[in-house]
Structures are given as structure tokens and as C-alpha cells.
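Protein chains in written order, with our numbering: chain A, 62 to 459; chain B, 62 to 459.
Using N, Cα and C, we set each Cβ at its ideal position, and we do this for glycine too.
Here the structure is a predicted model, which is why all the values come from computation and not from measurement.
Read the structure below first, then the notes.
Protein chains: 2
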Amino acid sequence: MTDFAATRAMFDIPEGMTYLNGNSLGPMPKASPEAMMSFLNEEWRSELIKGWNTKGWFMQPNTLGDRIGKLIGAEAGTTVVSDTLSIKVFQAVGAGLSLVPERKVILSDTGNFPTDLYMVQGLVKLKQDGYTLRTVEPESVMDAITDDVAVVTLTEVDYRTGRKHDMKAIIEKAHSVGAVVVWDLAHSAGAFPVDVSGTDVDFAVGCTYKFLNAGPGGPAFIYVAPRLIDVVEPVLSGWYGHEAPFAFDTDYRPMPGKIDRMRIGTPSIASFALLSAALDVWEGVDLADVRARAEELMTLFINEVSARCPGVTLAGPANMDERGSHVSFHFEHGYACMQALIDRKVIGDFRAPDMMRFGITPLFVGKSDIMKAVDTLEDILRTEAYKEDRFNVRSAVT
Amino acid sequence: MTDFAATRAMFDIPEGMTYLNGNSLGPMPKASPEAMMSFLNEEWRSELIKGWNTKGWFMQPNTLGDRIGKLIGAEAGTTVVSDTLSIKVFQAVGAGLSLVPERKVILSDTGNFPTDLYMVQGLVKLKQDGYTLRTVEPESVMDAITDDVAVVTLTEVDYRTGRKHDMKAIIEKAHSVGAVVVWDLAHSAGAFPVDVSGTDVDFAVGCTYKFLNAGPGGPAFIYVAPRLIDVVEPVLSGWYGHEAPFAFDTDYRPMPGKIDRMRIGTPSIASFALLSAALDVWEGVDLADVRARAEELMTLFINEVSARCPGVTLAGPANMDERGSHVSFHFEHGYACMQALIDRKVIGDFRAPDMMRFGITPLFVGKSDIMKAVDTLEDILRTEAYKEDRFNVRSAVT
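So this is what it looks like as C-alpha cells:
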């Protein structure tokens with residue numbers, strides 16, 4: 062049984078803050094500064110160029126990838142870390158297209174995170190020759206998986222409402238018509254059990270700065286099914302994916318039979334130091350426990366808000382089986398109300414047009430946090446504190 | 062006049078080490094750990110999600126880009142930082158192709174760093190439709206710039222020999238036939254004065270972990286000429302390049318008129334903290350002084366080796382006008398000899414087939430370092446220490 066008091070004690074959350082935004086940017090593990098100092102002083106400073114060998118920097122995309130792999134049900138040797146999630150989406154969709162060369166349709170939905178759609182739009186523009194992105198509503202995805210579709214690319218959990226796709230059903234449908242699927246696990250990895258092997262996932266990508274707590278802009282990851290690794294095009298074919306990077310050949314040859322081919326350029330080793338410390342928190346954590354606890358906390362949150370916060374209504378499905386690990390509520394004055402909550406140290410965020418969004422992350426969020434959030438929200442509503450001018454100024458970045 | 066004693070004092074180089082590998086991985090500035098601790102404790106830990114606004118994270122690709130821009134002769138608002146150099150090469154070449162849509166030839170040379178060639182090979186494969194990469198010898202580049210070439214992509218300084226292209230002449234020739242040029246400044250930025258404005262550069266890309274000292278895998282940068290910014294395709298079109306990233310539209314619209322469109326995904330803010338500290342070292346440094354000092358040191362090195370180290374011969378041009386800021390020597394037992402040098406704390410590196418490579422970086426390298434390196438090399442040659450078995454074992458990553 063996962064000890065959530067112990068995991069909470071591993072995070073350095075500011076005194077008095079109720080942090081319900083771990084679905085956007087996870088808080089800092091207490092071990093992060095020391096891990097970083099160790100990297101700076103014992104690795105970069107002391108080893109300098111030798112660190113690529115002596116400190117294992119060169120293979121960290123793989124060693125850290127394997128640690129993330131364990132959290133998403135991936136076999137060792139199928140996941141690597143580096144770059145940004147946008148880049149990894151481009152790479153995975155491009156690689157997917159290369160597997161189905163006779164088809165030119167990429168299917169996605171309006172619940173996908175926008176950058177996933179943007180990257181595919183750029184890919185389509187680059188490829189020209191009739192390639193298209195077809196975007197449907199999330200509830201229409203199953204019907205839209207037809208035999209002209211090459212690649213289906215979806216984010217499993219809607220970043221706004223928390224609505225979760227039926228991964229298994231979508232993969233089965235896609236495979237039955239000869240399409241491959243790219244899953245964005247940004248709101249899945251570290252949020253609940255994912256089983257990329259068991260559900261026969263083709264490609265999965267994700268980030269590490271949300272539920273995995275690797276810090277702002279932490280590196281992304283990519284998973285490729287073992288059955289595809291030896292045939293897949295890397296698309297973004299950098300020297301880190303070469304069969305012999307240090308032979309400095311002029312021709313690219315993808316690393317045969319290994320996930321290494323999905324590596325691209327020289328990755329930030331400092332960002333890996335933070336990721337490594339963040340993954341240490343997951344040792345001894347059972348994601349089934351995390352999910353059970355998250356469902357309990359989300360149910361409590363939804364019920365309390367429903368009972369005590371008039372005008373605030375749940376966004377997305379009430380059924381927990383169809384929800385990821387955040388809860389959003391529609392409210393007419395959602396933006397200002399969220400600013401008022403933040404002012405009182407209850408941290409969530411806002412998503413247009415009217416949603417207050419709260420991440421439920423049991424590693425460091427408990428019942429008292431939920432009750433604090435609801436108490437605060439109830440008071441803001443009762444006093445109409447959201448009407449204060451200062452809460453109605455939009456910041457440049459929200 | 063730049064105070065090189067002062068800049069040397071800003072680096073934390075291990076006692077007794079002669080570090081002549083700053084062209085591969087720069088040493089750690091003494092200010093780096095404190096800058097990183099400040100980021101971790103005062104920014105990530107304390108501000109959490111608010112840091113994107115309150116600590117300026119969201120605009121750091123631009124603010125840091127402008128600081129690098131100053132070192133390469135770029136106007137403010139023309140350079141952004143993020144991703145890896147491999148990614149930036151792909152983006153710049155892809156963007157270049159979009160400017161000359163009627164042509165399908167990309168020209169490069171065998172002196173380009175391999176990952177630049179690999180990324181272009183991946184791009185060509187993705188685009189199909191007759192696109193090709195044409196690769197010639199470095200000395201044949203000028204003649205190969207013909208009116209069927211869309212994009213010329215070159216690394217200014219050869220990573221092996223230090224041979225430097227005539228940037229101005231190549232750009233003039235390319236522009237005269239209607240081609241655009243992408244320059245990789247990996248071995249130029251921070252090594253000597255570069256004038257992207259004055260030489261009418263179209264695109265430039267580079268890394269920050271070599272002469273700029275931002276640590277292993279520090280972020281890359283991209284420069285786009287102001288005259289192109291509003292028309293250029295971002296190619297890798299992520300949400301950071303969108304006109305309104307936080308509107309979460311489903312369609313990509315590149316940021317109009319601003320370099321921001323070349324931003325892609327969420328960048329590593331930790332890597333930015335290190336870059337920022339590393340750029341502080343450059344305040345008050347005149348790159349003309351750096352170049353004059355580097356020429357003096359390289360000349361000394363070459364002359365001393367020529368006089369005292371039989372069998373060791375200069376690679377690349379003797380004329381300083383045709384050389385970047387590293388010196389390589391051919392030697393039959395180059396690999397083992399470099400291992401013997403490293404064993405005696407003189408740090409350079411080896412490049413196949415037989416080159417010992419030494420970076421000349423005046424911010425922290427002086428005459429005594431050069432003399433130490435030559436004295437050590439002379440002794441290793443005299444005693445044939447390179448024949449020891451332990452120096453003849455190849456490591457996985459060299």
C-alpha cells in the first residue's frame with residue numbers, strides 16, 4: 062500500500078499553499094536541489110567532457126526512459142527521453158505515416174492539446190502531396206476511424222474537462238482498419254495506471270513536468286511498440302539516433318533494433334538531473350493506489366462543490382471511468398474566481414471559456430486540501446469576492 | 062580591453078587541469094550553481110505555475126535569444142533559444158525550402174557536422190517529391206552553388222580541422238543565384254566575431270554548450286533575418302510559436318512579424334538558468350579581443366608543436382583567417398596519445414581517423430595552458446607513453 066504521507070513529505074510545497082495544479086506543473090521534490098548540485102559539482106564541473114562516459118550522460122535518454130516506461134506499462138528498451146512533447150508528437154505521427162505509406166489522412170479530435178494539432182498541421186504542410194489532418198469531436202472519434210486513416214493521434218485525457226478516451230477500444234478499432242495510433246499521455250503518465258503493452262499501443266508520447274514533477278519544461282518521452290522499433294522511420298533523424306554516432310559518417314543509418322533511433326540531438330543533462338530526482342519519488346508507489354486515491358478525492362471534491370457552490374457545475378463526465386486526474390468546473394465568473402482562489406493560496410488554473418481547473422495528484426494532495434479548496438471557493442462565492450477589480454485583470458500568460 | 066584574468070576567474074576549472082575542450086563542452090562558470098539554486102528555490106519551488114508570468118519563463122526563449130544575438134551581430138528580436146541544434150537545423154532548412162518552393166536541392170558539404178546532414182536526410186525523406194541533399198567537398202561549395210539550389214546549409218567551422226568557410230562570399234554567391242543559406246554557428250558563436258546582420262545571413266543556428274558554456278546539452282538558438290521573419294514557415298509549428306498560445310485554438314497561426322514563430326514547445330527552464338549565468342560572463346567581453354587572443358594562442362601552439370613534436374602535423378589551414386578557434390593535429394597514434402594527455406590532465410579530444418583536437422578559448426585558456434599542453438605532448442612522444450595498453454582501449458563514447 063502506497064504511503065501517501067511519505068510521498069507528500071518528499072515535496073517542498075510552500076507553507077500554507079493548497080496546490081491543485083500538479084496537472085500543469087508539478088511541485089519541486091525536496092531532493093531536486095541536491096540532485097542538481099551533485100550534477101553541477103560532481104559531474105559537469107569535475108568530469109567535464111568525460112561525463113558523457115563516466116556519468117552515463119549519453120545513455121540517460123534510455124535509462125530515464127526505462128524508468129518512465131515502468132510507469133506506463135512499457136517493456137525495458139522501448140521508451141526514451143528528450144526534446145519537447147511537441148517535437149515528440151511530430152516524430153511519432155511522422156513515423157506512423159511511414160508505416161502506412163499508401164494512406165494520407167491523420168485523424169485527431171478537438172479535445173487534443175492544441176500543440177499536437179499544430180505540429181501535425183506543420184507536418185502535413187511539409188509533406189504536401191495530399192496529406193491532410195481530419196479533426197472531429199471527441200465523441201465522434203470511433204466512427205471516424207475509417208480505412209483511409211493512416212494515423213490516429215489523440216491525447217488520452219482532455220486537458221480542459223478531464224474527459225478520458227477509451228484507449229483500448231480506439232486501438233482495436235484503428236488496428237482493425239489498418240491504422241496506427243499515437244497517444245499523448247501528458248495527463249496520463251503518473252496520473253493513473255497506463256498499460257501500453259497490454260493495450261497494444263503503437264506510439265505514446267508525454268511530458269514530465271506535470272504528474273511526473275521534473276520541473277518547468279522537463280524533457281518529453283516517446284514509446285514505440287517493440288514490434289515497430291526495427292521498421293519505424295525516426296523522421297527527425299539526429300546523430301543521437303545513429304547506429305554509430307561517433308563514427309561521424311555522412312549518411313544516416315538508424316540504430317537497428319533499438320529505441321535509440323528515436324533519440325535526436327544532444328539533450329539537456331541538467332533537465333535529466335531533475336527528472337531523475339523526480340522519478341525517485343515513484344519508487345514504492347503503486348499507480349493503482351494513486352488512482353484509487355484520486356477517484357476518492359475527485360468524488361469528494363465534486364460532491365462538496367455540488368452541495369455548497371451554486372452556479373459552479375462539473376465539466377466533463379461524472380463517471381470516474383471516463384475521467385483522468387483533474388476536475389474542472391464551469392462558472393460564469395471562472396477567470397476572476399480562480400484569481401481570487403489563487404490570492405487565497407488555493408492554486409488551480411483557468412481554461413477558456415469558463416473553466417476552473419484543479420489537478421488531483423495524490424502524491425501530495427489529500428482530503429484536507431480538497432476541503433480547503435471547497436471552503437475557500439464557497440466563501441468567495443458567498444461574498445462575491447470574484448467581483449473585485451484586481452481579479453478581473455487578464456495576465457499575458459494564463 | 063577584455064580582462065582575461067577576470068574572465069578566467071569566473072570559471073570553476075578543477076585544480077591542475079589544462080582544459081582545451083571548451084569547443085566541445087565549456088567548463089562550469091562559478092555562478093552556475095547559485096543561479097540554478099535561485100531558479101529551483103525562488104522560482105520553481107516558490108512560484109510554481111505562476112513562474113511562467115512572474116519570473117518571465119515564458120519569454121526567456123526571447124530574452125536569452127537577444128543576449129546571444131548580441132554575440133553574433135543580430136538585432137534584438139531576431140534570435141530565440143530552445144530545443145537542440147539538430148532540431149533547429151531541421152527547422153531552418155525546412156523554413157528555407159518554403160522560401161524557394163520551385164527548387165528541390167539542398168546543398169551541403171562533407172565538413173558539415175554529421176547530425177546536420179542526418180537531419181536534412183530525414184527532411185528530404187519526409188518531403189519526398191524529388192527533394193534531394195547534394196553533398197560536396199568543402200572546397201567545392203562555391204562552385205556547387207548553382208541556380209537549382211534552394212538552400213545551402215553549412216557549418217561555418219569544420220568540427221574536425223577548424224577550417225573556416227568564407228561566410229560573406231558564400232552568402233553573396235547563394236543570393237546571386239536565388240538560394241538561401243543556413244549557417245550552423247556551433248563553433249562560431251562565442252569563438253570569434255560573427256556579423257549575421259552585416260553579412261546578410263538568412264538563417265543561423267547554434268548551440269550553447271561549447272564556447273558559450275551553458276552546460277551539457279544546453280539549449281540551441283535560431284536566428285532569422287528580419288526581412289524573412291514575417292514570411293518564413295516555422296515548419297515545426299508548436300504552440301510556443303502561435304499568435305495566441307493561450308487562446309488554445311485548434312488551428313495554427315504563426316506569430317505575425319515576430320521571431321516567436323520559431324519557438325516550438327515548452328522549453329527546459331532549468332537549462333535557461335544555466336544559460337543565463339553563462340551569458341553573464343560575456344558582459345564586458347569584446348569578441349575582437351577574444352579573437353586576437355585566440356589567434357595568438359593558436360599560433361603559439363602550432364609553432365611549438367611544429368618545433369618540438371615530430372610526427373604531429375597540423376590539420377586544416379595554417380592561415381588564421383581560414384581557421385575557427387580550435388587546432389587539430391594529425392598523429393598516427395592520435396587516439397592513444399590523446400588518452401595519455403587526458404591521463405596527465407591535459408584535456409582535448411580525438412576525431413577519427415587520427416586527429417587530436419584542442420579548443421582555444423581565451424575566456425579561460427592562457428599561454429601557460431598552451432605551454433603545459435605542448436610540454437606534456439612532447440614528453441608523451443619522447444617516452445612513447447601512448448603505447449601503454451590502457452591508452453589503447455576505445456570507450457563507447459569518444
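So what does residue i bridge to, in DSSP terms?
i	result
residue 284 of chain B	B:140, B:265
residue 225 of chain B	B:218
residue 90 of chain A	A:72
residue 210 of chain A	A:166
residue 244 of chain B	B:215, B:265
residue 360 of chain B	The partner list for residue 360 of chain B (beta bridge, DSSP) is empty, contrary to what the question assumes.
residue 79 of chain B	B:407
Run the CB neighbour count on residue i, radius 10 Å, all protein chains shown included, and call it buried at 16 or more, exposed below.
i	result
residue 217 of chain A	buried
residue 453 of chain B	exposed
residue 372 of chain A	exposed
residue 89 of chain B	buried
residue 395 of chain A	buried
residue 460 of chain A	Past the boundaries of the shown model lies residue 460 of chain A; chain A is included only from 62 to 459, so the question cannot be answered.
residue 238 of chain B	exposed
residue 251 of chain A	buried
residue 412 of chain B	buried
residue 294 of chain A	buried
residue 292 of chain B	exposed
residue 263 of chain B	buried
residue 211 of chain B	buried
residue 409 of chain B	buried
residue 81 of chain B	buried
residue 200 of chain B	exposed
residue 440 of chain B	exposed
residue 288 of chain B	exposed
residue 364 of chain A	exposed
residue 321 of chain A	buried
residue 77 of chain B	exposed
residue 189 of chain B	exposed
Which chain B residues sit within Cβ distance under 9 Å of residue i?
i	result
residue 340 of chain A	Those do not exist, as residue 340 of chain A stays about 15 Å from chain B at its closest Cβ, beyond 9 Å.
residue 303 of chain A	175, 176, 179
Starting from residue i, find everything on chain A with Cβ-Cβ shorter than 7 Å and list it in chain order.
i	result
residue 310 of chain B	175
At 8 Å on the CB atoms, spell out the chain B contacts of residue i, in chain order.
i	result
residue 171 of chain A	311
Where the region 273-301 of chain A meets chain B: residues whose CB sits under 8 Å from a CB there: Answer set for the region 273-301 of chain A: 276, 277, 278, 279, 280, 281, 294, 295, 296, 297, 298, 299, 300, 301.
Tell me which residues of the region 125-156 of chain A have at least one Cβ-Cβ distance to chain B shorter than 9 Å, keeping chain order. Taking 9 Å as the upper bound on Cβ-Cβ separation, chain B lies near residues 143, 144, 145, 146, 147, 148, 149, 150, 151, 155 of the region 125-156 of chain A.
Residues of the region 403-431 of chain B in Cβ contact with chain A at a cutoff of 8 Å, in chain order, please. Within the region 403-431 of chain B, the residues whose Cβ lies closer than 8 Å to some Cβ of chain A are 403, 408, 410, 412, 413, listed in chain order.
Taking only beta carbons into account, state which residues of the region 183-202 of chain B come closer than 9 Å to chain A, listed in chain order. Hits within the stretch, in order: 183, 184, 186, 187, 188, 189, 190, 196.
Which complete alpha helix (DSSP H) runs does the region 365-426 of chain A hold, if anything under 4 residues is left out? Fully contained in the region 365-426 of chain A are the following alpha helix (DSSP H) runs of length 4 or more, in chain order: 395-404.
Near-chain B residues of the region 354-380 of chain A - C-beta to any C-beta below 8 Å: Residues of the region 354-380 of chain A that bring their beta carbon within less than 8 Å of a beta carbon in chain B are absent altogether.
Got a sec: which bits of the region 85-118 of chain A sit with their beta carbon under 7 Å from any beta carbon on chain B, in order along the chain? Listed by position along the chain: 85, 86, 88, 89, 93, 94, 97, 98, 101, 102, 105, 106, 107, 109, 110, 112, 113, 114, 118.
Residues within the region 322-352 of chain B neighbouring chain A, beta-carbon criterion of under 9 Å: Contact annotation: in the region 322-352 of chain B, residues whose CB is within less than 9 Å of a CB in chain A are 325, 326, 327, 328, 329, 330, 331, 332, 333, 334, 335.
Residues, ordered as in the chain, of the region 64-88 of chain B that lie near chain A by beta-carbon distance below 7 Å: Of all residues in the region 64-88 of chain B, the ones placed with a Cβ closer than 7 Å to any Cβ belonging to chain A are 73, 75, 80, 82, 85, 86, 88, in chain order.
Which parts of the region 131-208 of chain A are runs of the alpha helix (DSSP H), unbroken and 4 residues or longer, counting only runs that do not cross its ends? Runs of the alpha helix (DSSP H) inside the region 131-208 of chain A: 146-160, 175-188, 202-205.
Report the residue ranges of all beta strand (DSSP E) runs contained in full by the region 283-355 of chain B; include only those spanning at least 3 residues, in chain order. If we require 3 residues or more, the region 283-355 of chain B turns out to have no beta strand (DSSP E) run fully inside it.
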